[in-house]
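Quick note: the sequence shown uses the numbering used here, first residue 23, plus one each step. Heads up, the beta-carbon is just placed ideally off N, CA and C, and yes, glycines get one too. These numbers were taken from a predicted model, which means no experiment stands behind them. Reviewing the structure listed below.
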Amino acid sequence: MKVFLYRNDRQHEVSRVPAVFSVEGGNIEVASSNFGLKRCHFVADAGVERQMRPDPRSAEGRRARLDESRPLLSRVVGAISVVLLLVGVVLLLQQIAVPILQIPPIAEQIGPVEPLIDLPLWLSISLGAAAAVASTERALRMRYRWWLDAAGN
């Protein structure tokens, strides 16, 4: 993924992420996840950090505008995305744990193990897709927690 630094509506620099752009008074640090930006901060020479505002014409800018114009709706959408990602984390943990616990030496020690949640294939795929959409929504808000956003998918 490439990121572009603009000054006065003109492209000034291009870099691959993670990127650090040197600017007057500090640096701009940009990092991405598989779903979009997870960090875009100005770090002053004194060490003070502040999140940068996205371009209003970008997808991130439109999401920020929704947050400003309809804060309640924005919070509801954000809460739904967190719930969908938590469901994704739980399902992923189960999909990892059950096969490991069914390995013969482990199964002999603890007994037979069945999945706690047995979902039909169509629902598993739907929840996976919903978790991907939720990760994209969080990326548009430049929110990222590895245990939620990466593990939820």
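Around L162, the same chain offers G58, A81, E82 and R85 as residues with beta carbons nearer than 7 Å, after the five sequence neighbours per side are excluded.
For Q124, no beta strand (DSSP E) segment is defined, and its DSSP state is neither H nor E.
Annotation for F43: L27, E35 and I50 place their beta carbon closer than 6 Å to its own, counting only its chain and skipping 5 residues before and after.
The region 102-118 makes contact with the region 135-143; the number of CB pairs closer than 8 Å reaches 3 or more. Nearest in C-alpha terms to D67, of all of L95, Q124, G47 and I128, is G47. Secondary-structure assignment with DSSP links I50 through a beta bridge to F43 and F64.
Annotation for L143: the continuous alpha helix (DSSP H) segment containing it runs L143 to L162. Annotation for E82: the continuous alpha helix (DSSP H) segment containing it runs A81 to S91. In this structure, DSSP gives L138 a state outside helix and strand, which the three-state scheme calls coil. Here G69 carries a coil assignment [DSSP, helix/strand/coil]. Under the 8 Å Cβ criterion, the region 143-160 counts as touching the region 100-107, having at least three qualifying pairs.
Where R38 is concerned, the enclosing beta strand (DSSP E) starts and stops at R32 to R38.
In terms of CA proximity to V25, P40 leads the group R32, G150 and P40. When the Cα atoms are used, E71 and R61 turn out to be separated by approximately 11 Å. Taking 8 Å as the cut-off, the Cβ atoms of P78 and R92 do not count as close.
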